[in-house]
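J.: Here you go, one structure.
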Amino acid sequence: MKARELREMDADELVRKQGELKDQLFKLRFQHELGQVENFAKLRTIKKDLAKIATVLGEIGKKAKV
Numbered sequence: 083m084k085a086r087e088l089r090e091m092d093a094d095e096l097v098r099k100q101g102e103l104k105d106q107l108f109k110l111r112f113q114h115e116l117g118q119v120e121n122f123a124k125l126r127t128i129k130k131d132l133a134k135i136a137t138v139l140g141e142i143g144k145k146a147k148v
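Residue 83 is where the sequence shown starts when you use the working numbering, and the numbers rise one by one after that.
In structure tokens:
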């Protein structure tokens, strides 16, 4: 997911997407502990997407304060 795409979303959509990604990450971590994960790169991409969303939400919060 590109940061440009995230910046086009509104805050509600970002929060919803963040919740979905956190749920996916939880499930993948659980599968990883059980040895059932086939694609370890997916964990990394989800973590990066969560960080991007957090950054964009922070930017939105700073704009709202000004």
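For every residue, glycine included, the Cβ atom is placed at its ideal position computed from N, Cα and C.
Using only the alpha-carbon positions, how far apart do D123 and K145 sit?
T.: Residue mapping note: residue 123 aligns to position 41 of the sequence shown, counting from 1. Residue mapping note: residue 145 aligns to position 63 of the sequence shown, counting from 1. This sequence places Ala at residue 123; Asp is not what is there. Cα to Cα, the separation comes out at about 33 Å.
J.: Run through DSSP, which three-state label would G101 get?
T.: Residue numbering aside, residue 101 sits at position 19 when the sequence shown is read from its first letter. DSSP places G101 in helix when its eight states are reduced to three.
J.: CA-CA distance, T137 and M83?
T.: Along the sequence shown, read from residue 1 onward, the residue named residue 137 stands at position 55. Along the sequence shown, read from residue 1 onward, the residue named residue 83 stands at position 1. Distance between the alpha carbons of T137 and M83 is about 13 Å.
J.: In angstroms, rounded to a whole number, what distance separates the CA positions of A125 and R98?
T.: What you label residue 125 is simply residue 43 of the sequence shown in a count that begins at 1. What you label residue 98 is simply residue 16 of the sequence shown in a count that begins at 1. Reading off the sequence shown, one finds Leu at residue 125, where the question assumed Ala. If I take the Cα positions, the gap works out to 19 Å.
J.: Specify, as a first and last residue, the run of the alpha helix (DSSP H) that E87 falls within.
T.: Sequence index remark: in the sequence shown, residue 87 carries index 5 (1-based). A85 to E90 is the extent of the alpha helix (DSSP H) around E87.
J.: State the CB to CB distance for the pair K134 and L107, rounded to an integer number of angstroms; the pair is presumed to be in contact (CB under 8 Å).
T.: Residue mapping note: residue 134 aligns to position 52 of the sequence shown, counting from 1. Residue mapping note: residue 107 aligns to position 25 of the sequence shown, counting from 1. Wrong, their Cβ atoms sit about 14 Å apart, outside the cutoff.
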